[in-house]
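These notes concern the structure reproduced below.
There are 2 protein chains.
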Amino acid sequence: MDNRSTGGEPRGRKRHRDKGRVTLSDVAREAGVAPITVSRALNTPQRVSKQVKARVDAAVEALGYVPNLIAGGLASAGTRVIPVIVPSLSILTFIEVVHGIQQTLESAGYQMLLASTDFDLDREAQLVNTVLGYSPSGVILTGLRHRPAVIERLREWGRPVVEIMEHGDDCIDMSVGVDGHTLGRSMADYLAGRGYQRMLFAGSNMERDYRARQRWQGFRDRLTELGLEAGLLLEYEQPASYRIGVEALDAALKMPEPPDAIHFSNDILATGALLEAQRRGVRIPEQIAVTGYLGLELGEFLNPSLTTLSVARMQMGVEAASMLLARLAGETPTQSRRNIGFNLIEGGSA
Amino acid sequence: MDNRSTGGEPRGRKRHRDKGRVTLSDVAREAGVAPITVSRALNTPQRVSKQVKARVDAAVEALGYVPNLIAGGLASAGTRVIPVIVPSLSILTFIEVVHGIQQTLESAGYQMLLASTDFDLDREAQLVNTVLGYSPSGVILTGLRHRPAVIERLREWGRPVVEIMEHGDDCIDMSVGVDGHTLGRSMADYLAGRGYQRMLFAGSNMERDYRARQRWQGFRDRLTELGLEAGLLLEYEQPASYRIGVEALDAALKMPEPPDAIHFSNDILATGALLEAQRRGVRIPEQIAVTGYLGLELGEFLNPSLTTLSVARMQMGVEAASMLLARLAGETPTQSRRNIGFNLIEGGSA
DNA sequence: CTGTTAGCGCATTCAG
DNA sequence: CTGAATGCGCTAACAG
Numbered sequence: 001m002d003n004r005s006t007g008g009e010p011r012g013r014k015r016h017r018d019k020g021r022v023t024l025s026d027v028a029r030e031a032g033v034a035p036i037t038v039s040r041a042l043n044t045p046q047r048v049s050k051q052v053k054a055r056v057d058a059a060v061e062a063l064g065y066v067p068n069l070i071a072g073g074l075a076s077a078g079t080r081v082i083p084v085i086v087p088s089l090s091i092l093t094f095i096e097v098v099h100g101i102q103q104t105l106e107s108a109g110y111q112m113l114l115a116s117t118d119f120d121l122d123r124e125a126q127l128v129n130t131v132l133g134y135s136p137s138g139v140i141l142t143g144l145r146h147r148p149a150v151i152e153r154l155r156e157w158g159r160p161v162v163e164i165m166e167h168g169d170d171c172i173d174m175s176v177g178v179d180g181h182t183l184g185r186s187m188a189d190y191l192a193g194r195g196y197q198r199m200l201f202a203g204s205n206m207e208r209d210y211r212a213r214q215r216w217q218g219f220r221d222r223l224t225e226l227g228l229e230a231g232l233l234l235e236y237e238q239p240a241s242y243r244i245g246v247e248a249l250d251a252a253l254k255m256p257e258p259p260d261a262i263h264f265s266n267d268i269l270a271t272g273a274l275l276e277a278q279r280r281g282v283r284i285p286e287q288i289a290v291t292g293y294l295g296l297e298l299g300e301f302l303n304p305s306l307t308t309l310s311v312a313r314m315q316m317g318v319e320a321a322s323m324l325l326a327r328l329a330g331e332t333p334t335q336s337r338r339n340i341g342f343n344l345i346e347g348g349s350a
Numbered sequence: 001m002d003n004r005s006t007g008g009e010p011r012g013r014k015r016h017r018d019k020g021r022v023t024l025s026d027v028a029r030e031a032g033v034a035p036i037t038v039s040r041a042l043n044t045p046q047r048v049s050k051q052v053k054a055r056v057d058a059a060v061e062a063l064g065y066v067p068n069l070i071a072g073g074l075a076s077a078g079t080r081v082i083p084v085i086v087p088s089l090s091i092l093t094f095i096e097v098v099h100g101i102q103q104t105l106e107s108a109g110y111q112m113l114l115a116s117t118d119f120d121l122d123r124e125a126q127l128v129n130t131v132l133g134y135s136p137s138g139v140i141l142t143g144l145r146h147r148p149a150v151i152e153r154l155r156e157w158g159r160p161v162v163e164i165m166e167h168g169d170d171c172i173d174m175s176v177g178v179d180g181h182t183l184g185r186s187m188a189d190y191l192a193g194r195g196y197q198r199m200l201f202a203g204s205n206m207e208r209d210y211r212a213r214q215r216w217q218g219f220r221d222r223l224t225e226l227g228l229e230a231g232l233l234l235e236y237e238q239p240a241s242y243r244i245g246v247e248a249l250d251a252a253l254k255m256p257e258p259p260d261a262i263h264f265s266n267d268i269l270a271t272g273a274l275l276e277a278q279r280r281g282v283r284i285p286e287q288i289a290v291t292g293y294l295g296l297e298l299g300e301f302l303n304p305s306l307t308t309l310s311v312a313r314m315q316m317g318v319e320a321a322s323m324l325l326a327r328l329a330g331e332t333p334t335q336s337r338r339n340i341g342f343n344l345i346e347g348g349s350a
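Note that the protein sequences, when read in sequence, are chains A and B.
Going by UniProt numbering, the first sequence opens with residue 1, and the numbers climb by one from there.
Going by UniProt numbering, the second sequence opens with residue 1, and the numbers climb by one from there.
Structure (structure tokens):
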């Protein structure tokens, strides 16, 4: 085993590639202890004497040691990485949730691996497979609907899984979200209560975004129950944009029998409509009322301010991450399905 | 050495934990080849006979094999992970860049590890250390300014590094961004050309965001060169929000000698100001002009539409990732420092 | 509290 | 074109 550790020609003949990187063993040698002791001093300091801990810390400092998390992950099958799988990074909703997740995870020393499915469940299935290849400590994904293979694989995986955005009866492991149907029903109730009669639902990307469809269904069903005109739907294929909001307002006003209120599937569309109304001199809410969904800060500053269903997105992220972390810390949560609820913000637009 | 591999009591006594997970060796056994051959069939199919390739593929399919990227990473010191380090996830600019990066990376089979520094260079240094522990294939970070240790470590690291957002003389390895001073100067030029005399710069979070300060410096310097009143600055500690824009407009109008134009350090602030002006009946741009920086879609729909400096953020992300990928593919880029430039969008607000 | 031993799952030598 | 040996850097099991 060639003990000539002196003379140090750095040409490590046998090593795959000499990164010159300081390893645990280097620290161990420096501190005069066994490698495993260094490992313990670093990961579970309470199982090591103060003396040793101090020596190890000094050695770490002196050599500039940085743990190789990959190696640790291989050995312990857990990498302190949490994949977060969302449908899209161009949609504000997800961004804010992701933000909450990231903050919470990072402050607990976990890293977030972010991936997007583009609303494609097959792509999601593939991504889940891929990210599981990183031996993550847990997984966060979006929605309650997944390919059966995903559900099965994650269930038997045995590590914490949190599904976000949606609230329902059944989840893989844990969930935090809102119930889309209730959301839609609430807005129908509110508008009906304000005396509106012909309410139009305008949405974008609904083909792919089934949660938007759920809101629509709740909205429609409630209208039906109330004996009001139901089923007025304006649907756009593209993802949400101010432009689509503009177009929707235009289309609504051109209808033979125009609606007296439009509930948009998100605040982006509603904002576009509001600004366009302003530009054209269409009076809101007198001529037509406008409401949204999200509770973006912007809505409060529009003229008139936007009536919208607000969901605590950042908090949803924080809670999702917290549940995950709690489980990783060995706690058994009292509640594994969390309904984050929502809030109707009354603006001047309806 | 206990050769009794027969009899298969699944109680793997010696294994750390039996995840029941299918490994490369399982596939090899199934296909009747050596493990290394499976590895080659999967990673470098051209170095394997068609026959073997087919057998391996079949075995992979049959067993549902998913590669353990951690193990692969340990062995080959490269994990197909790209850490992306940005100052904040609550700022739209970064989100869009991140989006571009993510799309590009993911379509090339790489995963993004996203972390944020909260504009703290020490935190950045610590994060760089941490993420290097994942043996990433490359790194993307924000700005050209870093702690010396970060620069040194990344330089000698030997893998591709891209710095985004900023353009300057010197970078660690590669960079894609814009030059803040030029941005500021351009807007000063534009406003001066339109005949404005007293221009105020209003910014938020400038203490921490040195790139915003660079824009301010460029703006001020150019005004000085033009012999105009320079140095009018309204600074808010908080991060950008519509609210701050509102406050800034109010403060500006209350100044003993109010400015005739305000250039905001981003479109969020400018939008807040514009909407507030609308609410109060302050005429824009006659009474006071308003401009921004970013080129958010929203600006186009405001009344009046917003004059702003637009930067192709998504494209910046795409280019950053592409440069990185090109290098990983062994190409030598012709240009390692890329100035993405910008675009002055003329709206009605100035 | 500390050390010994073995091996996580794969890819890199080097031989055939 | 294929295979055998070896080790990436670290930690789970046992001892002591």
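For each residue, glycine too, the CB sits at the ideal point set by N, CA and C.
Nothing here was measured: the structure is a model prediction, and the numbers come from that model.
Within chain A, the residues whose beta carbon sits less than 7 Å from that of GLN102/B are LEU89, LEU114 and SER116, listed in sequence order. In the DSSP assignment, TYR293/A is bridged to LEU309/A. One finds nothing in chain A with a Cβ atom closer than 8 Å to the Cβ of ALA125/B; even the nearest lies about 11 Å away. Pairing SER349/B with VAL290/B gives a Cβ-Cβ distance under 8 Å. Using beta-carbon distances, ARG279/B counts as an interface residue toward chain A, with a partner under 8 Å. If you look at THR142/A, you'll find it in the beta strand (DSSP E) that goes 139-142. Nearest CB-CB separation between LEU69/B and chain A: below the 8 Å threshold. At a cut-off of 8 Å between C-beta atoms, PHE301/B counts as an interface residue with respect to chain A. Taking a Cβ-Cβ threshold of 7 Å, the residues of chain B close to LEU298/A are TYR242, in chain order. When 8 Å is used as the limit between beta carbons, ILE95/A is near these residues of chain B: LEU89 and ILE95, in chain order.
Counting only residues of its own chain and dropping the five nearest sequence neighbours on each side, ARG327/A has a CB closer than 6 Å to the CB of PRO160.
Under the DSSP assignment, GLU166/B falls in the beta strand (DSSP E) whose first and last residues are 161-166. The beta carbon of LEU275/A falls within 8 Å of a beta carbon belonging to chain B, placing the residue at that interface. Listed in chain order, the beta strand (DSSP E) runs fully inside the region 210-283 of chain A are 233-236 and 261-264, counting runs of at least 3 residues. LEU113/B is bridged by DSSP to LEU113/A and PRO83/B. In the structure shown, the three-state DSSP call for SER175/B is strand.
Contact annotation for ASN129/B against chain A: VAL66 [CB-CB distance below 8 Å, chain order].
In this structure, DSSP gives SER204/A an extended state, which the three-state scheme calls strand. Taking a C-beta distance under 8 Å as the contact criterion, GLY100/B and ARG80/B do not qualify as a contact pair. Comparing alpha-carbon positions, the option among ALA188/A, THR224/A and MET323/A lying closest to THR334/A turns out to be MET323/A.
Under the three-state reduction of DSSP, LEU154/A is assigned to helix. Look at the UniProt domain "HTH lacI-type" (22-76) of chain B and you find these whole runs of alpha helix (DSSP H), each 4 residues long or longer: 24-31, 35-43, 50-63 and 69-76.
For chain A, the residues of the region 130-146 of chain B that bring a beta carbon within less than 9 Å of one of its beta carbons are THR130, VAL131, LEU132, GLY133, TYR134 and SER135, in chain order. Counting C-beta pairs closer than 8 Å gives three or more between the region 200-208 of chain B and the region 246-265 of chain B, which meets the contact rule. Beta-carbon to beta-carbon, GLY347/B and LEU306/B are separated by about 5 Å, close enough to satisfy the 8 Å threshold. Interface annotation, GLY317/B: not in contact with chain A, CB-CB separation never under 8 Å. In this structure GLN102/B is in contact with LEU89/A, their Cβ atoms being roughly 6 Å apart against a cut-off of 8 Å. Contact residues of the region 183-197 of chain A toward chain B are absent (C-beta to C-beta distance below 8 Å). When Cβ-Cβ separations below 8 Å define contact, VAL246/B makes contact with chain A. For the pair of segments examined, the region 218-230 of chain A was found to touch the region 178-191 of chain A: the number of CB pairs separated by less than 8 Å reaches three. GLU30/A and VAL52/B have their C-alpha atoms spaced approximately 48 Å apart. Per DSSP, the unbroken alpha helix (DSSP H) holding ASN129/A starts and ends at 121-132. Taking a beta-carbon distance threshold of 8 Å, LEU306/B does not count as an interface residue toward chain A.
A distance of 8 Å or more separates the beta carbons of ARG313/A and VAL86/A. Between MET206/A and ALA212/A, the alpha-carbon positions lie close to 6 Å from each other. Close to chain B, meaning a Cβ-Cβ distance shorter than 7 Å, are the following residues of the UniProt domain "HTH lacI-type" (22-76) of chain A: VAL66, PRO67, ASN68, LEU69, ILE70, ALA71, GLY73 and LEU74.
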